[in-house]
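Quick note on the numbering used here: the sequence shown kicks off at 8 and runs consecutively. Each residue gets a CB set at the ideal place from its N, CA and C atoms; glycine is no exception. Computed from a predicted model, the values in this text were never measured in an experiment.
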Amino acid sequence: MTDADAGAQPPLRPWGEAWRLLAAAALGVLLWVITAAQLPVGASGPRVEWMITGDPLIALACLIALLWRRRFPVVIAIAVILASTASVLAGGASLLALCSLATRRRPAETAVAAVLSVVTAVLVVDLYPARETPGPLWLMISLPTLLVGIVVAVGAAIGARREEVRSLRERVESAEREQAARAAEARIVERHRIAREMHDVLAHRVSLVAMQAGVLGHRPDLPAEQVAELARGIADGSHQALEELRDVLGVLRADPDELEPPQPSLAELPALVADARALGLAVTMEITTEGEPPDAIARTVYRIVQEGLTNAGKHAPGADVVVTVEGRPGDGLRATIRDSGAARAIAGPPASGFGLLGLAERVELAGGELDHHAEPGGGFVLAARLPWPVREGSE
8 MTDADAGAQP
18 PLRPWGEAWR
28 LLAAAALGVL
38 LWVITAAQLP
48 VGASGPRVEW
58 MITGDPLIAL
68 ACLIALLWRR
78 RFPVVIAIAV
88 ILASTASVLA
98 GGASLLALCS
108 LATRRRPAET
118 AVAAVLSVVT
128 AVLVVDLYPA
138 RETPGPLWLM
148 ISLPTLLVGI
158 VVAVGAAIGA
168 RREEVRSLRE
178 RVESAEREQA
188 ARAAEARIVE
198 RHRIAREMHD
208 VLAHRVSLVA
218 MQAGVLGHRP
228 DLPAEQVAEL
238 ARGIADGSHQ
248 ALEELRDVLG
258 VLRADPDELE
268 PPQPSLAELP
278 ALVADARALG
288 LAVTMEITTE
298 GEPPDAIART
308 VYRIVQEGLT
318 NAGKHAPGAD
328 VVVTVEGRPG
338 DGLRATIRDS
348 GAARAIAGPP
358 ASGFGLLGLA
368 ERVELAGGEL
378 DHHAEPGGGF
388 VLAARLPWPV
398 REGSE
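Set out below in structure tokens:
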């Protein structure tokens, strides 16, 4: 018996095995009683003595052998069926072995066992003397054939049911594995989204604060008014960074059914540029768009400009920065942040290296293209092109 065969049948509990063997024994006892009732009055001899001693012993051996019928189904079934030719009591065990073999739903081995069962049933009729002569041969064959056919049909039905249950169980397990995989993937995606959001919200603000702190550290000769102004800027920037961090964490802790806070759009770009100017960046912005782009596209443009200003503050202090946003429905939306290169050397915060990677992923998800490169004459360009579909009824 192969491992596949062993797995095809569910394991039997002790009570399940016990009631099957008891049912087989009860059927054998019924056949034995019927046969004993047919004995002639005062019958004696070796065959009658065999019926009292040998017949029960063989039946008991067959019942014990049935305990291994699932490990050796064909061998046990054939052996028990053949043994039933010498024992009426073993008839119940023989039918149980045949039924168990039929659950495997293998026509060849089931047919051989069924034919042997019919033959043994015909032969056992002459095993003991009887008061009446046996009926015609066709009746002696048809009745066992009918009984064997019923047993085989029941076994095949049980096997089909087991196959269906196993198939359903495998489908459920497969669905659970797929659901677990989807949940794990969703958690990873959510972690990436949270990481991008944390970077977008905090990197710009913290970079500007670090730039102001760097100025204080490298310019001890600044007037007291400028020192006080830079200190206020650091305090205000730190406070705003904490507020933005609190907003992000509030979204993470919020009820999933609650609405998220308003997301940034093109309308917030002037305020973003004003903050950068207040912190010492020379920023020029030009917005020429026709209509309002979709929220997702506008939010992506805001993050692109925010990242561009952050990188300019960190890597090109004192540079002139030009922000250009232009586009219209059907033609796409283009955002470009160009700086002239660092005008002075200043120690900035360490670069994380994930800002542009996160932007590239965000732009790709929006169906756009991102380009960033250094200019030959100095400076750096960050440019993105995003789709802006034409809404139905807008023309």
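Under 8 Å Cβ to Cβ from residue 387, same chain only, skipping five residues before and after it: list those, please.
Around residue 387: 318, 319, 322, 323, 345, 346, 348, 379, 380 and 381.
Between which residues of its own chain and residue 81 is the CB-CB distance below 6 Å, once the five residues before and five after are set aside?
116, listed in sequence order.
Let's test the definition: count the other Cβ atoms within 10 Å of the Cβ of residue 128 and tell me whether it reaches 16, buried, or not, exposed.
Label assigned to residue 128: buried.
Exposed or buried, which one is residue 373 when buried takes at least 16 other CB atoms within 10 Å?
Looking at its Cβ environment, which holds 16 or more other Cβ atoms inside 10 Å, residue 373 is buried.
With distance defined between alpha-carbon atoms, name the residue in 32, 160 and 37 nearest to residue 106.
That would be 160, whose Cα lies nearest to the Cα of residue 106.
Quick one: give me the first and last residue of the beta strand (DSSP E) that residue 339 is part of.
That run of the beta strand (DSSP E) goes 339-346.
Report the option in 394, 289, 163 and 308 whose CA atom is closest to the CA atom of residue 113.
The shortest Cα separation from residue 113 among 394, 289, 163 and 308 belongs to 163.
Enumerated in chain order, which unbroken segments of the alpha helix (DSSP H) with a length of 4 residues or greater are wholly contained in the segment 70-117?
Complete alpha helix (DSSP H) runs here, min 4: 80-90 and 98-109.
Take residue 158 and list the residues in its own chain whose beta-carbon comes closer than 6 Å to its own, dropping the five residues that flank it on each side.
Result list for residue 158: 102, 105 and 106, in chain order.
Sorted by chain position, which residues of the same chain lie with C-beta nearer than 7 Å to residue 120's C-beta, five sequence neighbours on each side aside?
Answer for residue 120: 84, 85, 88, 105 and 108, listed in chain order.
Can you look up residue 248 in the DSSP assignment and give me helix, strand or coil?
Helix, per DSSP.
Please confirm if the segment 271-279 is in contact with the segment 298-314, defined as three or more CB-CB distances below 8 Å between the two stretches.
They touch, by the three-pair rule.
Label residue 241 either buried or exposed according to how many other C-beta atoms from any shown protein chain fall within 10 Å of its C-beta, with 16 as the threshold for buried.
Counting Cβ neighbours within 10 Å, residue 241 comes out buried, since at least 16 surround it.
Using alpha carbons as the reference points, say which of 94, 340 and 228 lies closest to residue 397.
Nearest option by C-alpha distance: 340.
Does DSSP classify residue 308 as helix, strand or coil?
Of the three classes helix, strand and coil, the one that applies to residue 308 here is helix, per DSSP.
Any idea if residue 156 is buried or exposed, counting beta-carbon neighbours within 10 angstroms, 16 or more meaning buried?
So residue 156 counts as exposed.
Could you tell me if residue 228 is buried or exposed, where buried requires 16 or more neighbouring beta carbons within 10 angstroms of its beta carbon?
Flag for residue 228 reads exposed.
Pull up the DSSP beta-bridge partners for residue 218, would you.
Its beta-bridge partners do not exist; DSSP assigns none.
May I ask which residues mark the beginning and end of the alpha helix (DSSP H) holding residue 371?
Counting along the chain, the alpha helix (DSSP H) containing residue 371 begins and ends at 362-372.
With distances taken from CA atoms, which of 54, 139, 56 and 245 is nearest residue 214?
Cα-wise, what sits closest to residue 214 is 245.
Where does the unbroken alpha helix (DSSP H) through residue 19 begin, and where does it stop?
No alpha helix (DSSP H) contains residue 19, which DSSP labels as neither H nor E.
Which residue wins for smallest C-alpha separation from residue 29, given the options 338, 74, 169 and 54?
Answer by Cα proximity: 74.
Is residue 368 near residue 391, with beta carbons less than 8 Å apart?
Going by C-beta atoms, residue 368 is not nearer than 8 Å to residue 391.
Can you tell me whether DSSP reads residue 226 as helix, strand or coil?
Correct three-state label for residue 226: coil.
In its own chain, which residues sit with a C-beta less than 6 Å from the C-beta of residue 54, not counting the 5 before and 5 after it?
Once the five neighbours on either side are set aside, the close Cβ partners of residue 54 are 135.
At what residues does the beta strand (DSSP E) containing residue 392 begin and finish?
Start and end: 387-393.
Tell me residue 293's beta-bridge partners as DSSP assigns them.
Bridge partners of residue 293: 331.
Should residue 44 go down as buried or exposed, given a rule of 16 or more other Cβ atoms within 10 Å for buried?
By the neighbour-count rule (16 or more Cβ atoms within 10 Å), residue 44 is not buried but exposed.
What are the boundary residues of the beta strand (DSSP E) that includes residue 56?
No beta strand (DSSP E) contains residue 56, which is instead part of the alpha helix (DSSP H) from 53-59.
Since residue 376 sits in a beta bridge, which residues does DSSP pair it with?
Looking at the DSSP assignment, residue 376 forms a beta bridge with 392.
Return the CA-CA distance between residue 343 and residue 239, expressed in angstroms with no decimal places.
When rounded, the distance between both Cα atoms is 31 Å.
Along the chain, where does the alpha helix (DSSP H) that runs through residue 284 open and close?
Residues 276-285.
Note down, in chain order, each residue of its chain lying with its Cβ closer than 7 Å to the Cβ of residue 27, except the 5 sequence neighbours on either side.
Once the five neighbours on either side are set aside, the close Cβ partners of residue 27 are 103.
Whose C-beta lies closer than 6 Å to the C-beta of residue 23 among residues of the same chain, with five residues either side of it excluded?
Hits under 6 Å: none found.
Compare the C-alpha of residue 302 against each of 315, 394 and 217 and name the closest.
Residue 394 is the option with its Cα nearest to residue 302.
On the CB-based measure, 16 or more other CB atoms within 10 Å of its CB, does residue 111 come out buried or exposed?
By the 10 Å Cβ count, residue 111 comes out buried.
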